[in-house]
Amino acid sequence: MRLIGMVHVAPLPGSPRWDGSMERLITAAVADAHTLIESGMDALLIENYGDAPFTPGGCCAQAWGVAETLRAHDALTRAMSTEFQTLRKTHHG
């Protein structure tokens, strides 16, 4: 059996609850990922449900949100790639 953890990112630029800091968003996502991996997760998914409530903002807001989701994913991947492999070996032999 494989366990998959979910990293829930905070609201992204263009959403009503965006707080203005990608640095804080990425730092929190990486901290959550560490916790999930240390808890024995085999893989991680990232999602941005923090953008709720969903409001129509047009194409520009949607494109910005997608771009920032990918930016957070990239930062998370870079921060966790080596550590994830090391922790996975430690937890799963």
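At position 68 of the sequence shown the residue is numbered 61 (this note's numbering), and the sequence of numbers has no breaks. No residue lacks a Cβ here, since even glycine has one placed at the ideal position from N, Cα and C. It should be emphasised that the depicted structure is a prediction, and the values quoted were computed from it without experimental measurement.
Simplified DSSP state of residue i, which is helix, strand or coil
{"i": "residue 43", "result": "helix"}
{"i": "residue 38", "result": "strand"}
{"i": "residue 2", "result": "coil"}
Assigned exposure category for residue i - 16 Cβ within 10 Å defines buried
{"i": "residue 65", "result": "buried"}
{"i": "residue 7", "result": "buried"}
{"i": "residue 58", "result": "buried"}
{"i": "residue 31", "result": "exposed"}
Residue i vs residue j beta-carbon contact at 8 Å
{"i": "residue -3", "j": "residue 38", "result": "yes"}
{"i": "residue 73", "j": "residue 2", "result": "no"}
Inter-residue CB distance, residue i and residue j (contact presumed, cutoff 8 Å)
{"i": "residue 44", "j": "residue 4", "result": "5 Å"}
{"i": "residue 25", "j": "residue -5", "result": "Not confirmed; about 19 Å, so no contact."}
{"i": "residue 40", "j": "residue -1", "result": "6 Å"}
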